[in-house]
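Student:
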Amino acid sequence: MSIEHPPVTAWRKSSYSGSNGGNCVEVGDGIPGVIPVRDSKDPQGPALAFSADAWTAFVAAVKADRFPV
Numbered sequence: 032m033s034i035e036h037p038p039v040t041a042w043r044k045s046s047y048s049g050s051n052g053g054n055c056v057e058v059g060d061g062i063p064g065v066i067p068v069r070d071s072k073d074p075q076g077p078a079l080a081f082s083a084d085a086w087t088a089f090v091a092a093v094k095a096d097r098f099p100v
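Structure follows, in structure tokens:
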């Protein structure tokens, strides 16, 4: 699901994002049961919204290196 400007209390950069200003993913806090995710290079653009369970499964898969590049 994509949502325009979700009502988050704060955005935080993913610890897996690069420090060079590119490839940055931000995760929003403050919406119970929903995890909004956006591109930090387009903060006024849309965000993807995931259920908490779906986001937890995705993060676990990333940590387990299940998405080869």
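Each residue of the sequence shown is one higher than the last, beginning at 32 in our numbering.
A virtual CB, placed ideally from N, CA and C, is assigned to each residue, including glycine.
Among Glu57, Val68 and Val39, which one has its Cα closest to the Cα of Ala85?
Tutor: Of Glu57, Val68 and Val39, the residue nearest in Cα terms is Val68.
Student: Taking the DSSP output, what are the residues bridged to Ala41?
Tutor: BP columns for Ala41 point to Asp60.
Student: Can you tell me whether Val89 is helix, strand or coil according to DSSP?
Tutor: Checking the displayed sequence, the identity of residue 89 turns out to be Phe instead of Val. Looking at Phe89 - three-state DSSP - the assignment turns out to be helix.
Student: I'd like the list of long-range same chain contacts for Gly76, defined as Cβ closer than 8 Å, with 5 residues on each side in sequence excluded.
Tutor: Hits under 8 Å: Arg69 and Asp70.
Student: Out of Pro99, Val90 and Val100, point me to the one whose CA is closest to Ser46's CA.
Tutor: The shortest C-alpha separation from Ser46 is found at Val90.
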